[in-house]
Amino acid sequence: MGIEINSLCPLIQVFSMRRSLAFYRDTLGFEVRMDSGGGDDASWVWIARDGINLMLNDQYEPGHVPPECPPERVKWHKDTCLYFECPDPDAAYEFLRSKGIKLDPPKDAPYGMRQLYLEDPDGYNICFQRPV
301 MGIEINSLCP LIQVFSMRRS LAFYRDTLGF EVRMDSGGGD DASWVWIARD
351 GINLMLNDQY EPGHVPPECP PERVKWHKDT CLYFECPDPD AAYEFLRSKG
401 IKLDPPKDAP YGMRQLYLED PDGYNICFQR PV
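Residues in the sequence shown are numbered consecutively from 301, following my numbering.
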């Protein structure tokens with residue numbers, strides 16, 4: 301018998317937990333399941349919605365956070381993409397625009413997926429997609 305696996309929970313590094321929670325929780329509708337303490341200033345947060353799990357971990361210890369995120373800390377974030385199954389990428393586009401997020405409209409990819417791409421506050425790619 302193989303290993304039973306029920307879900308996946310990636311962990312991504314973020315510069316500002318407060319900024320990331322404003323995006324993932326307040327805009328995308330994730331709920332905080334657990335955190336390391338400190339609420340919006342926690343060092344680690346586990347968020348979830350609709351069976352999707354994601355952990356956020358800050359990049360710096362308290363008291364050692366630089367005023368701006370050094371570019372070398374995020375230069376590879378664009379290589380990471382979180383793909384979310386989304387029944388209506390066009391509706392997601394309109395919703396995100398209504399929240400003030402600037403993004404291009406969804407497109408049909410040559411491999412048969414309707415996709416809406418954007419970046420989170422830390423430069424990670426996010427795609428809301430469904431089959432065409």
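The C-beta atom is built at its ideal place from N, Cα and C for all residues, glycine as well.
Please work out which residues of its chain come closer than 7 Å, Cβ to Cβ, to residue i, disregarding the five sequence neighbours upstream and downstream, and give them in chain order.
i    : result
A342 : M317, D335, S336
Y383 : C427, Q429
A409 : Q415
To the nearest angstrom, how far is the alpha carbon of residue i from that of residue j?
i    : j    : result
L430 : M413 : Checking the sequence, you will find Arg at residue 430 rather than Leu. Distance between the alpha carbons of R430 and M413: 6 Å.
V432 : K399 : 26 Å
L396 : P387 : 15 Å
E419 : T380 : 10 Å
K375 : Q313 : 12 Å
P367 : Y360 : 11 Å
G423 : P310 : 16 Å
Are residue i and residue j touching if we call contact CB-CB under 8 Å?
i    : j    : result
K378 : N425 : yes
Y324 : I352 : no
F315 : L354 : no
L356 : V345 : yes
Y393 : P405 : yes
What are the residues that DSSP puts in a beta bridge with residue i?
i    : result
M355 : L311, W346
R414 : D408, R430
V332 : I347
Y383 : C427
Taking residue i as the reference, give the member of the options with the closest Cα.
i    : options          : result
K402 : P421, L354, S320 : P421
R373 : E385, D358, R333 : D358
R319 : G339, G363, E304 : G339
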